[in-house]
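Just below is one structure, and these are the notes that go with it.
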Amino acid sequence: MSNDIANNRSALKDFLGSVATVSGDLSNITAPPFVLAENSTVEIPQYWADHPTLFIAQGSEESAEKRALSVLKYFIGTLRNQQYSGRKEKDGVKKPLNAFLGELFLGHWKNEEIGETHLVAEQVSHHPPVTCCYLWNEQHGVRAQGFTQQEITFSGNVNIKQKGYALLHLDRFDEDYLIPVPNIKVKGLLTGTPYPELAGEYSLISSNGYISHLKFTGKSFLGTGQKNGLEAKLYHADRPDETLYTVKGAWNGKLTFHDARSGEEVDTFDVNDLASADIETEHLADQDPWESRKAWGEVISSLHSGDMKRVANAKSRVEEGQRTMRADEEARGEQWKPVFFQRVGSDPVFDRLSKFDPGSFIVDAASGFWKVDREAVKNTKRPYHGDLLPTNEKMGSSFRDWTTNRDSVQIDSRPNALDSAATPPKHKSDGGPSPLKNESDGAPEQDKETASGRKESDMGEQRRAQGVSAPAVEQPTDQQVEDYLRNKTSSVV
Numbered sequence: 044m045s046n047d048i049a050n051n052r053s054a055l056k057d058f059l060g061s062v063a064t065v066s067g068d069l070s071n072i073t074a075p076p077f078v079l080a081e082n083s084t085v086e087i088p089q090y091w092a093d094h095p096t097l098f099i100a101q102g103s104e105e106s107a108e109k110r111a112l113s114v115l116k117y118f119i120g121t122l123r124n125q126q127y128s129g130r131k132e133k134d135g136v137k138k139p140l141n142a143f144l145g146e147l148f149l150g151h152w153k154n155e156e157i158g159e160t161h162l163v164a165e166q167v168s169h170h171p172p173v174t175c176c177y178l179w180n181e182q183h184g185v186r187a188q189g190f191t192q193q194e195i196t197f198s199g200n201v202n203i204k205q206k207g208y209a210l211l212h213l214d215r216f217d218e219d220y221l222i223p224v225p226n227i228k229v230k231g232l233l234t235g236t237p238y239p240e241l242a243g244e245y246s247l248i249s250s251n252g253y254i255s256h257l258k259f260t261g262k263s264f265l266g267t268g269q270k271n272g273l274e275a276k277l278y279h280a281d282r283p284d285e286t287l288y289t290v291k292g293a294w295n296g297k298l299t300f301h302d303a304r305s306g307e308e309v310d311t312f313d314v315n316d317l318a319s320a321d322i323e324t325e326h327l328a329d330q331d332p333w334e335s336r337k338a339w340g341e342v343i344s345s346l347h348s349g350d351m352k353r354v355a356n357a358k359s360r361v362e363e364g365q366r367t368m369r370a371d372e373e374a375r376g377e378q379w380k381p382v383f384f385q386r387v388g389s390d391p392v393f394d395r396l397s398k399f400d401p402g403s404f405i406v407d408a409a410s411g412f413w414k415v416d417r418e419a420v421k422n423t424k425r426p427y428h429g430d431l432l433p434t435n436e437k438m439g440s441s442f443r444d445w446t447t448n449r450d451s452v453q454i455d456s457r458p459n460a461l462d463s464a465a466t467p468p469k470h471k472s473d474g475g476p477s478p479l480k481n482e483s484d485g486a487p488e489q490d491k492e493t494a495s496g497r498k499e500s501d502m503g504e505q506r507r508a509q510g511v512s513a514p515a516v517e518q519p520t521d522q523q524v525e526d527y528l529r530n531k532t533s534s535v536v
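Each step along the sequence shown adds one to the number in our numbering, with nothing skipped, and position 439 is 482.
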């Protein structure tokens with residue numbers, strides 16, 4: 044391990060030093076392999092529904108007021124896993140792989156009581172990075188779709204400005220809920236214990252007139268305030284001065300809900316007590332080459348084994364293939380076409396609801412609005428891009444499927460897999476792999492590999508952002524770098 048620390052110290056110090064001098068967007072800067080997580084950003088949408096009972100709870104609530112409160116609770120319940128990508132907080136945060144253009148993540152959750160909840164996620168843009176997702180539970184008539192675009196800068200902390208939004212729709216009541224995507228600050232980077240803080244104030248707005256206003260407080264530079272603090276209130280747009288419910292606590296811990304009219308405590312819950320359901324995906328060997336875990340398979344396998352040279356080489360093959368693909372498209376005068384999502388000029392639901400608090404939402408004019416193509420979700424089957432691979436190779440040419448190589452390992456996708464060992468997972472099977480099938484609701488169903496929400500990954504295609512030098516930021520000391528590396532490499536076998 045001491046050799047790992049010695050070999051990686053200068054790389055991390057150079058990386059942090061270079062980040063500190065860039066004033067532009069850092070979304071596509073390449074981080075050293077040893078700080079990478081084992082999942083891509085395109086997997087993060089799974090944490091909008093890895094508590095399926097929260098996702099569908101509002102679908103049958105008769106009271107409009109209680110439905111709005113239920114949606115607020117659901118939203119708060121998604122925040123912890125979104126920020127940590129399902130990792131335990133004691134393990135800190137790592138940088139996910141930057142999803143490449145066209146990368147896909149498909150899966151679902153099965154529950155005997157509430158039916159199946161499905162997910163389709165796709166990277167629809169790389170410069171700037173835009174991820175789209177669509178989630179739905181047909182049995183309860185609850186569906187959600189959204190898109191996010193991240194702009195990352197550095198000022199001592201890593202600042203992640205999020206653009207986009209999500210829309211939750213309840214079929215039974217024909218209601219829509221406009222949900223914000225909060226900005227993030229990753230603090231503690233130079234101390235070796237990075238952690239996320241959500242920042243700002245936002246509104247969650249319903250078409251039935253109810254609005255939840257959330258304020259993320261966090262701990263200040265001087266140490267005041269509550270770490271990961273959250274305060275919220277719910278009111279009706281017609282009576283903005285009449286607070287109906289209040290919420291207070293920590294978005295990664297315990298929260299208490301009160302009826303503001305009576306002072307009565309109506310609910311309390313700790314997000315750490317919420318059991319995350321494992322998303323089920325197609326068995327790795329049967330996934331499409333453009334599906335995230337298949338595409339990054341060799342990178343993930345190498346991260347498990349601690350072979351950072353192989354990580355860099357495997358990642359580079361994907362990145363270089365994507366660069367060549369973009370250059371070829373430009374030469375032909377073509378643009379990449381997503382499989383499951385379409386760019387649209389406007390969104391009437393967003394326009395109608397966002398007017399109640401325009402400051403809560405940012406949509407980049409150049410990137411536009413994105414909506415799911417439900418017919419494509421219903422009818423499109425593998426292979427999604429013919430014989431074209433993410434590396435810009437053709438299937439059957441020089442392509443070697445790492446999932447069938449002797450020197451490769453299957454992935455135990457649990458968040459702490461790296462901390463134990465790279466042992467092959469046990470796969471659930473209901474009779475062997477089969478192609479995508481269409482249910483009566485049009486939802487794609489797959490044969491499943493239990494994938495306990497594999498939570499980490501590497502960074503995809505990245506070029507160093509160009510920009511005017513920012514004010515100097517204090518460089519990390521050798522001791523800070525060594526502490527950081529010991530924290531991040533101590534679990535590598």
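Glycine residues also receive a C-beta, built at the ideal position from the N, C-alpha and C atoms. Since the structure is predicted, the reported quantities are computational estimates derived from the model, not experimental observations.
Contacts around residue i, its chain only, beta-carbon distance under 8 Å, and the 5 residues preceding and following it disregarded
i: Val392; result: Leu210, Asp219, Leu221, Ser250
Residue i burial status per 10 Å Cβ neighbour count (16 or more: buried)
i: Ser305; result: exposed
i: Leu233; result: buried
i: Pro237; result: buried
i: Asn200; result: buried
i: Ser61; result: For Ser61, the predicted structure reports a pLDDT of 49, less than 50, and the residue's modelled location is therefore unreliable. A value from the coordinates is still provided. Exposed.
i: Ala374; result: exposed
i: Pro283; result: exposed
i: Val93; result: The identity of residue 93 in the sequence shown is Asp, whereas the question assumes Val. By the 10 Å Cβ count, Asp93 comes out buried.
i: Met351; result: buried
i: Gly402; result: exposed
i: Arg186; result: buried
i: Arg130; result: buried
i: Gly475; result: Note that Gly475 scores 37 on pLDDT, short of 50, meaning its location in the model is unreliable and no value can be drawn from it.
i: Lys437; result: exposed
i: Pro88; result: buried
i: Lys230; result: buried
Continuous beta strand (DSSP E) stretch holding residue i: start and end
i: Gly439; result: Looking at the DSSP string, Gly439 is not in any beta strand (DSSP E), and its letter there is neither H nor E.
i: Val147; result: One detail in the question is off: residue 147 reads as Leu in this sequence, not Val. Where Leu147 is concerned, the enclosing beta strand (DSSP E) stretches over 147-154.
i: Gln192; result: 185-197
i: Asn180; result: 172-180
i: Ser83; result: 79-83
i: Pro381; result: Pro381 -> no beta strand (DSSP E), and no H or E assigned at all.
i: Pro139; result: 138-140
i: Asp407; result: That residue, Asp407, is in no beta strand (DSSP E); it is neither H nor E in DSSP.
i: Asp313; result: 308-313
i: Ile322; result: 322-324
Where the alpha helix (DSSP H) through residue i begins and ends
i: Lys337; result: 335-338
i: Ile119; result: 107-127
i: Lys421; result: 417-422
i: Thr96; result: 95-99
i: Arg304; result: Element bounds for Arg304: n/a, residue is neither H nor E.
i: Ser397; result: 391-397
Close-in-space but distant-in-sequence residues of the same chain around residue i (CB under 7 Å, 5 per side omitted)
i: Val167; result: Val173, Cys175, Pro381, Phe384, Trp413
i: Ala357; result: Glu341, Val342, Ser345
i: Ser319; result: Asp93, His94, Asn124, Gly129, Gly496
i: Ala419; result: Val382, Phe383
i: Phe404; result: Tyr208, Pro223, Ser397
Residues near residue i in its chain [Cβ-Cβ closer than 6 Å; skip 5 each side]
i: Arg360; result: Thr434
i: Glu18; result: Outside the displayed span of the chain (44 to 536) sits residue 18, for which this structure offers no information.
i: Thr191; result: Thr174, Gln205, Gly207, Val224
i: Ala107; result: Asn251
i: Glu334; result: Leu147
i: Thr289; result: Lys276, His301, Ala303
i: Lys228; result: Asn200, Asn202, Glu240, Ala242
i: Asp214; result: Gly184
i: Asn226; result: Lys204, Gln205, Ala242, Gly243
i: Tyr117; result: Leu97
i: Glu104; result: Arg110, Ser113
i: Asp394; result: none
i: His212; result: Arg186, Asp219
i: Asp310; result: Phe300
Which runs of the beta strand (DSSP E), 3 residues or longer, sit entirely within the region 207-293?
218-222, 226-230, 238-249, 253-259, 272-279, 288-293
If you scan the region 347-378 from start to end, which runs of the beta strand (DSSP E) of 3 or more residues do you find wholly inside it?
none
Three-pair Cβ contact test at 8 Å for the region 278-286 versus the region 294-302:
no
I want to know whether the region 309-323 touches the region 115-134 - three or more CB-CB distances under 8 Å.
yes
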